[in-house]
Amino acid sequence: MRPPPAAAAPASRLNDHLIARSTPSFKKVALPVKIATWNVNSIRQREGHVLSWLERNQPDILLLQEIKCETAAFPAQAFAKLGYQAEAVGQKAYNGVAVLSRVPFEVTQRTLPGLPPDDAQARYIEIRALNTIIGNLYLPNGNSGGEAGYAYKLGWMEHLAQHAASLLAAGEDLILAGDYNVCPTEEDYAPGALPPEDALLRPETRARFRSLLWLGLTDAVRAMRPSGQIYTFWDYQAGAWPRDRGLRIDHALLSSRMAERLIEALPDRMERDQPQPSDHVPVIISFEP
DNA sequence: ATGTCTTCCCGCGGAAGA
């Protein structure tokens, strides 16, 4: 409940500062910057989930993957009502990424630099907000399309590393977040949740993920919790969620200054218990302002 | 490996991708 306006309140030296903090005309107390990433597995199926989650969690920026709709079909108006501006890069049926932000931003990329110009897969959007470059990525799964499909994944990761290197060389503060489709270590998937030859954990996949870390990027979730089972995805099949047979494949990598500001980074596990959930849950990262 | 979900279409069920 909002306290009465300052003018109507009895003058009290003791609680003046409390009134000031909660009165809109005064400058807000600086709150942590809250950024989240979420593979929603179709925004049209999950619009209600996202709206409800935004209201409950109040992130400054939410990065979405697998919106599975064309750019023009993204339901931007629904999010505008909650104060979030939307920018989407979509395609028919598959893939697709979008940014929702309640802070001002500009789009800096709509595709991953370095990919062939005829690459039509909607997997990357990047913005500048809060003096930070924020890349939202949906990395190829790599299990379909045979060896060519897997080679596409590896190539994509190499272009991502090159792009990250050039941003860091330019001195940018950087967050690269999204669905990486990579289990970085043996701790990052439940025993039996994946066959040993799966593209999410092949050695070549992990080597390319490590090459991102070697640029000086920090895995936000592991910076807060260096070991232990932490998952962000549970397959719809075979009772993966009730058995907690999950994967940690949604990540946020941070440049050094962002890592210094890191307060917390954690998946919102309970979102997986919603009716008709996405198979991924949001990962929330908080920074000192 | 598959007990599911989402999309598309030449649909009225099945393929493909995850």
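Mapped onto full-length UniProt numbering, the consecutive letters of the first sequence carry residue numbers 1 to 289.
From the three backbone atoms N, C-alpha and C, an ideal C-beta is built for every residue, glycine too.
Whether or not the region 63 to 70 and the region 129 to 139 are in contact is what I'm after, with contact meaning three or more pairs of Cβ atoms, one per stretch, closer than 8 angstroms; do they touch?
yes
Residues sharing a beta bridge with R135, DSSP:
It is worth fixing the name first, because residue 135 is Gly in this sequence and not Arg. According to DSSP, G135 bridges with E126, L176.
Have a look at G96, R245, A129 and flag the residue whose alpha-carbon is nearest the alpha-carbon of I35.
A129
Given L174, which residues of its chain have a CB within under 6 angstroms of its CB, disregarding the five upstream and five downstream residues?
I133, L167, S255
Drop a sphere of 10 angstroms on the beta-carbon of E126, count the other beta-carbons inside from all chains shown, and report buried for 16 or more, exposed for fewer.
buried
Could you pull out every unbroken alpha helix (DSSP H) segment of at least 4 residues lying fully inside the region 202 to 267, listed in chain order?
203 to 213, 220 to 224, 256 to 261
Can you tell me the Cα-Cα spacing of W214 and R222, whole angstroms?
15 angstroms
Under the rule that 16 or more other beta-carbon atoms within 10 Å means buried, what is N131, buried or exposed?
exposed
Have a look at L247, A80, H280 and flag the residue whose alpha-carbon is nearest the alpha-carbon of D198.
L247
Within 10 angstroms of its Cβ, does Y236 collect 16 or more other Cβ (buried), or is it exposed?
exposed
According to the neighbour-count rule (16 or more other Cβ atoms, all chains shown, within 10 Å of its Cβ), is L82 buried or exposed?
exposed
Can you look up Y189 in the DSSP assignment and give me helix, strand or coil?
strand
Only counting the same chain, and skipping five residues up and downstream in sequence, which positions put a Cβ closer than 8 angstroms to that of H159?
L112, P113, G114, L115
Residue nearest to L176 in terms of C-alpha spacing, selected from A165, Q276, T185, E186
A165
Should E147 go down as buried or exposed, given a rule of 16 or more other Cβ atoms within 10 Å for buried?
exposed
Straight-line gap, P140 to P195 (C-alpha atoms, nearest Å):
18 angstroms
Where does A120 sit, in a helix, a strand or coil, going by DSSP?
coil
Return the chain-ordered list of same chain residues with a C-beta closer than 7 angstroms to the C-beta of D268, the five sequence neighbours on each side being excluded.
V281, P282, I284
What would DSSP say about V281, mapped onto helix, strand or coil?
coil
Entirely enclosed beta strand (DSSP E) segments - the region 18 to 94, minimum 3 residues
33 to 39, 61 to 65, 85 to 89
Check whether the Cβ atoms of I249 and Y180 sit closer than 8 angstroms, and answer yes or no.
yes
Q162, DSSP secondary structure in three states:
helix
Which residues does DSSP pair with Q274 in a beta bridge?
Answer is none; Q274 lacks a bridge partner.
For my contact list, F79 and A86 are in at a C-beta cut-off of 8 angstroms; report their separation, rounded to the angstrom.
5 angstroms
At the level of alpha carbons, what is the spacing between T71 and G145?
25 angstroms
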